[in-house]
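The working numbering applies: residue 5 is where the sequence shown begins, and numbers increase by one.
Glycine is no exception: its CB is placed at the ideal position from the N, C-alpha and C atoms.
From a predicted model like this one, the values you see are computed outputs, not experimental measurements.
Read through the structure below, which is laid out as structure tokens, and then see the notes.
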Amino acid sequence: MKKLKLFKNKNFTIGFILVMLLILLTAVSLIYTPYSPTKIDANAQTVAPSLQHLCGTDRLGRDVLSRTMVAGKTAFKISLISVTASLILGVVLGLVAGFYQGVLGNIIMRLTDAFKAIPGLLFAMMIAAVFGKSFVATTIAISIILIPTFVRITRASVLKIKSNEYIQWTSLIGLKSFRVMIVHILPNIISPIIITASMGFADAVLIEASLSYLGLGIQPPNPSWGQMLSEGQGYFMTAPWLVIFPGLMITMLVLGFNLLGDGLSDLLDARSNNREV
5 MKKLKLFKNK NFTIGFILVM LLILLTAVSL IYTPYSPTKI DANAQTVAPS LQHLCGTDRL
65 GRDVLSRTMV AGKTAFKISL ISVTASLILG VVLGLVAGFY QGVLGNIIMR LTDAFKAIPG
125 LLFAMMIAAV FGKSFVATTI AISIILIPTF VRITRASVLK IKSNEYIQWT SLIGLKSFRV
185 MIVHILPNII SPIIITASMG FADAVLIEAS LSYLGLGIQP PNPSWGQMLS EGQGYFMTAP
245 WLVIFPGLMI TMLVLGFNLL GDGLSDLLDA RSNNREV
């Protein structure tokens, strides 16, 4: 029944469909692509979409559909790793900052504010300059950029939960702080964390695409949607498919994750209001 209620929400349903379509496309690329995504064909440069090349070819004769499919794997892999890492670190720091509101909590929040003040893309460029242009550097940069958001959301949720009487009673009966945070507080703040994670996936996809577009992310010959946009922008008037297809993938995935987050937020807010009534 709960699953059916989820799909009654328009935002959640549309977001779910968009994300699942791209997951399916990426999953297919693990076992099959029409052509090698890195194979150069001098006789098929910037060929328009046709039955032979459904999404056309690029300036080096590489199949755009194959490259778009494989680039999706890169986007999902970086997003999954970076969001998971930032979620774990951000939630831990947020729990501590919210539960211990003294010196330790203030230090965590001041550091969080300092990192948040640095523009995300600029920080990612700094990481790329230090660690080089690679998959690992891109993932590290995105992870660090997303951590402050999880810290703030978690801390705010902890402060709200701490005001409840049953949490205050746990201290009076002598329960250890770690047990209170993990057993009694964390399960009650999962909802906003899940919503933040969904939005975080959208941010991760955009940051990865931006870095690759600027030449600071995934490097050739490995395909990336941002890299494909960068390579195709000079051919937009004569070969628009070089920009349209990778741009469409980025738009669909970012929109999908944002709609999932909006849908979950609406559903969880409605459930919370029903409980209060």
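Item	Value
Contact set for Thr-61: own chain, Cβ-Cβ below 8 Å, skip 5 residues either direction	Asp-45, Ala-48, Gln-49, Thr-50, Val-51, Asp-67 and Val-68
Of the listed residues Ile-197, Pro-38 and Gly-236, nearest to Pro-152 (C-alpha basis)	Ile-197
Residue range of the alpha helix (DSSP H) that includes Arg-159	139-166
Cβ pair count under 8 Å reaching 3, the segment 197-209 against the segment 260-271	yes
Of the listed residues Pro-250, Gly-219, Leu-272 and Leu-190, nearest to Val-96 (C-alpha basis)	Leu-190
Counted within 10 angstroms of its Cβ, other Cβ atoms place Thr-30 as buried (16 or more) or exposed	buried
Outcome for Met-185 when other beta-carbon atoms lying within 10 angstroms are tallied against a minimum of 16	buried
Contact set for Ala-243: own chain, Cβ-Cβ below 6 Å, skip 5 residues either direction	Thr-50
Ala-201 beta carbon less than 8 Å from that of Val-87	yes
Contact between the segment 118-132 and the segment 229-240 (3+ Cβ pairs under 8 Å)	no
Buried or exposed by the 16-neighbour rule on C-beta atoms within 10 Å, applied to Arg-183	exposed
Which listed residue (Asn-110, His-188 and Arg-159) has its alpha carbon closest to that of Glu-169	His-188
Under the three-state DSSP convention, the category Met-24 falls into	helix
Cβ-based burial, Asn-110 [other Cβ within 10 Å; buried from 16]	exposed
Exposure label - Met-113; buried when at least 16 CB within 10 Å	buried
Other residues of its chain near Asp-266: CB distance less than 6 Å, five sequence neighbours each side excluded	Asn-15
Cβ pair Gly-204, Leu-150 closer than 8 Å	yes
Pairwise C-alpha distance: Ala-145 and Ile-74	The sequence given here has Val at residue 74, not Ile. Their Cα atoms are separated by approximately 22 Å.
Same chain, Cβ closer than 7 Å to Leu-163, neighbours up to 5 away in sequence not counted	Gly-102
Phe-80 to Ser-195 span [Cα, whole Å]	22 Å
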